[in-house]
Amino acid sequence: MQLAMGDFRGILGRQVSLWDLDKVEVTAGIKDRPNAARFGPCDVTETAKDGTVWHEEQVGTGPHFTPPSPYNADGEPTAKARRSITSRLQSFLCFITLDMLGIIQDCTVQHAKQTEHVDWFMGLPELMAFISITIMRAIFRVPSLRDCWSKNLGSPHIIETMSRGRFQNIMHHLRFDDRDTRSERAQTDKFAAISNIWGLFVTNCITSYIPGRHITIDKQLFPSKTRCCFLQYIASKPDKFGIKFWVACDLKTKYVCNILPYLGKDPTWPRGERVSESVVMRLMEPFLDEGRNVTTDNFFTSLSLAKRLLSRNTTILGTVNKIRQEIPLSTRHMHRNEFTTQVFSTTGATLTVYAPKRKKTVQYMFSAACTA
1 MQLAMGDFRG ILGRQVSLWD LDKVEVTAGI KDRPNAARFG PCDVTETAKD
51 GTVWHEEQVG TGPHFTPPSP YNADGEPTAK ARRSITSRLQ SFLCFITLDM
101 LGIIQDCTVQ HAKQTEHVDW FMGLPELMAF ISITIMRAIF RVPSLRDCWS
151 KNLGSPHIIE TMSRGRFQNI MHHLRFDDRD TRSERAQTDK FAAISNIWGL
201 FVTNCITSYI PGRHITIDKQ LFPSKTRCCF LQYIASKPDK FGIKFWVACD
251 LKTKYVCNIL PYLGKDPTWP RGERVSESVV MRLMEPFLDE GRNVTTDNFF
301 TSLSLAKRLL SRNTTILGTV NKIRQEIPLS TRHMHRNEFT TQVFSTTGAT
351 LTVYAPKRKK TVQYMFSAAC TA
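With full-length UniProt numbering, letter number 353 in the sequence shown gets 353, and the count goes up by one each step, no holes.
Here it is, written out as structure tokens:
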């Protein structure tokens, strides 16, 4: 996500601290209103379609905010991770533990014996060698699997680690769950083929690292043509078919703090609640109540989400879809002078409308507790 987080670049062309947005003096576009920066809020109010009352503010003097006590520490490994990591291998085992590798080994051997009817076996060292080749393929960006063992395009590390035939044989049988019980579990869990290992991996991601003050949330499509009911087709992506994930990342380190697969309609989510709102609250649950800020795009950002996060001592900064019911209708007007700004406030949030050029506007919302 390219949207600026801790220091927001945009309407001024320079860095502006999130906590000082109400103190910024914006001069662009208000030359014919010379007193705008000297006076308090306007008396102009506007009611959105859903009944939300917005107060238009004079640009540069916005409402007075009391931001939640910010989380001041940078992201860092947890004490548990620092104690256990003594080598690169131990770093890997923080996320993919020996217990998880044992489950994968047992499920893979089970599948091979059931399908080939031979005494097929794979040890943990061989499984780890298989995983290392998979990682090296991504690092070296070899065009195809066959080329990994090519004398011209391949890597000697891959060639020395495992033969191509054995690698393909393991990949053919690789499984992450008990095949005999999958059909029963799949009735309530669409991710049944990998959900056990996946859940352990995500838990390890959460417990191995403490994110900093700013977290970003967005979607990511992982290319795949596997036949499954939740496969997505997104025409705008280079790889158009794949499995979509909702991802929360630490701003500075790009560390994956939490991640959820999109499996289609989830009957366990609260009835009538937006999918986007549920996703953000679930991803942020381990990191709420500590003064962090989450940055999102216009798919996620809404006034109701801003208020829910604010009640958990967490702020949000994000672009807003102008067709949302809680947004003032006047923000949809496209005939604005270039570089002009309009600011609205309501309980718990401000809405800034900026015109980077004629007939184009950008709306972004920032939440904080209002004291005046």
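For glycine and all other residues, C-beta sits at the position ideal for the given N, C-alpha and C.
Under DSSP, LYS244 forms a beta bridge with LEU221.
The DSSP-derived three-state label of HIS55 is strand. At a Cβ-Cβ threshold of 8 Å, ASP189 and SER183 do not count as neighbours. Between ARG213 and ARG292, the gap from beta carbon to beta carbon is short of 8 Å. When Cβ pairs closer than 8 Å are counted between the two stretches, the segment 156 to 164 is seen to touch the segment 118 to 138, the count reaching three or more. As a beta-bridge residue in DSSP terms, PRO261 pairs with PHE245. Setting aside the 5 residues that flank it on each side, ALA192 is surrounded in the same chain by ASP177, ARG182, ARG185, ALA186, each with a C-beta closer than 8 Å to its C-beta; the list follows chain order. Taking all protein chains shown into account, SER224 has fewer than 16 neighbouring C-beta atoms within 10 Å of its C-beta and is therefore exposed.
Closest option to LEU153, judged by alpha-carbon separation, among VAL142, SER163, MET162: VAL142. In the pairwise beta carbon analysis, the segment 360 to 370 is classified as touching the segment 306 to 321: at least three pairs are separated by under 8 Å. For the pair GLN110 and LEU124, the CB atoms are not nearer than the 8 Å cut-off.
Per DSSP, the continuous alpha helix (DSSP H) segment holding PRO125 begins and ends at 124 to 140. Contact check for PHE92 against ASN204 fails: the beta carbons are separated by 8 Å or more. Cβ neighbours of TYR71 within its own chain (closer than 6 Å, five residues either side excluded): ARG213, GLU290, GLY291, ARG292.
For ASN293, DSSP records a beta bridge to HIS214, THR315. The segment 329 to 338 and the segment 303 to 311 do not touch, with fewer than 3 CB-CB distances between them shorter than 8 Å. Here VAL343 is buried, its C-beta having at least 16 other C-beta atoms within 10 Å.
Taking the Cα positions, ILE210 is about 21 Å away from PHE245. With contacts defined as CB atoms closer than 8 Å, THR97 and GLU326 fail to qualify as a contacting pair.
A straight-line Cα-Cα distance of about 15 Å links ARG179 and GLU116. With a beta-carbon spacing of about 7 Å, VAL280 and VAL294 fall inside the 8 Å limit used to define contacts. Between the segment 222 to 238 and the segment 262 to 270, the count of Cβ pairs shorter than 8 Å is three or higher; the stretches touch.
Straight through space, the alpha carbons of GLY102 and ILE170 are spaced by roughly 15 Å. Counting only the Cα atoms, ASP99 lies some 10 Å from ILE197. The Cβ atoms of ILE206 and PRO286 lie closer than 8 Å to each other.
Looking at the DSSP output, SER345 sits in a beta bridge with HIS55, THR350.
Taking C-beta atoms as the reference points, THR350 and THR341 fail to come closer than 8 Å. When THR346, ASN337, THR347 are compared, the shortest CA-CA separation from LYS359 is found for ASN337. Contact between LEU174 and THR108 holds: their C-beta atoms lie close to 5 Å from each other, under 8 Å. Counting along the chain, GLU46 sits inside the beta strand (DSSP E) bounded by residues 45 to 47. Per DSSP, LYS360 is one residue of the beta strand (DSSP E) stretching across 360 to 367. Runs of the alpha helix (DSSP H) lying entirely within the segment 142 to 207, each at least 4 residues long, are 156 to 161, 164 to 173, 182 to 186 in chain order. In chain order, TRP149 place their CB closer than 6 Å to the CB of ARG164, counting only its own chain and leaving out the 5 sequence neighbours on each side. Following the DSSP letters along the chain, one finds ASP119 in no alpha helix (DSSP H), marked with neither H nor E. Collapsing the DSSP output to three states places ASP250 in a strand. Restricting attention to ALA306, ARG83, ILE243, the CA atom closest to the CA of THR226 is found in ILE243.
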